[in-house]
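Have a look at the structure below before the remarks.
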Amino acid sequence: MSRPDRVTFGPGAFLLGGAITVLLFGFPHGVTGYVFGIPAALILGMPLALATGILMRPVRDQWLHIVAIGGAGLVTGFLTLLFLMGTHWHTMWGLVLWTGFCAAVGRLAVVGLVATHEDGEHTEHVGPTADGRIVP
Numbered sequence: 015m016s017r018p019d020r021v022t023f024g025p026g027a028f029l030l031g032g033a034i035t036v037l038l039f040g041f042p043h044g045v046t047g048y049v050f051g052i053p054a055a056l057i058l059g060m061p062l063a064l065a066t067g068i069l070m071r072p073v074r075d076q077w078l079h080i081v082a083i084g085g086a087g088l089v090t091g092f093l094t095l096l097f098l099m100g101t102h103w104h105t106m107w108g109l110v111l112w113t114g115f116c117a118a119v120g121r122l123a124v125v126g127l128v129a130t131h132e133d134g135e136h137t138e139h140v141g142p143t144a145d146g147r148i149v150p
């Protein structure tokens, strides 16, 4: 028996969180930050964040969601630097931390846009709802 989903989110919240993450990441680095940040976010970061968000739906505590998405950002930053720098990724380890921080801030920014449900308030609907939220 699976636990009920207590947190649901729509594409608007997901895309806004991703956009805030990328904007924040690239801001101190200028054009270079956006040139590398946007492809990394689209190819690796957003799929990892989506998978993390889906796995975290049974967890109602929003702070745990923020920490988990920050962790997905750390993984994104690490794998991107590993791909770009090879074994010398550690020379830019601060970017890994910055990526995780930006992902956490992006998730924090959309806390008000996700729907949280009590145990008795969840409906047995499969697929997207009329307002665009993702419900299993």
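Using the numbering used here, read the sequence shown as starting at 15 and increasing by one per residue.
Note that the Cβ used here is the ideal one computed from N, Cα and C, for glycine as well.
These figures come from a predicted structure and were not determined experimentally.
Whole-angstrom distance between residue j and residue i, CA atom to CA atom
i    : j    : result
H136 : D75  : Below a pLDDT of 50, predicted positions are generally treated as unreliable, and H136, at 47, falls in that range; no measurement from the model is reported.
G84  : V110 : 11 Å
G120 : A63  : 11 Å
R20  : L95  : 35 Å
L78  : A27  : 17 Å
G24  : T46  : 30 Å
A117 : L88  : 8 Å
G44  : L38  : 10 Å
G114 : E132 : 29 Å
W107 : G67  : 25 Å
T105 : W112 : 14 Å
W103 : P42  : 19 Å
A86  : V49  : 20 Å
M99  : I34  : 25 Å
Expected contact under 8 Å - CB spacing of residue i and residue j to nearest Å
i   : j   : result
V36 : A65 : Incorrect: roughly 18 Å between the Cβ atoms, too far for contact.
V71 : T22 : Sequence inspection shows Arg at residue 71; the Val mentioned does not correspond to that position. About 7 Å separates the two Cβ atoms, so the contact holds.
L58 : L93 : 6 Å
Residue closest to residue i, alpha-carbon to alpha-carbon, out of the options
i    : options                  : result
G51  : T90, E132, M106 and L127 : T90
L30  : G44, I68, F92 and V125   : V125
A129 : V49, W112, H43 and V73   : V73
F97  : P53, Y48, P42 and I34    : P53
Contact under 7 Å by Cβ, residue i with residue j
i   : j    : result
G32 : M60  : yes
I80 : L122 : yes
Min CB distance residue i to chain D below 7 Å
i   : result
T90 : Annotation note: the requested chain D is absent from the structure, which comprises a single protein chain.
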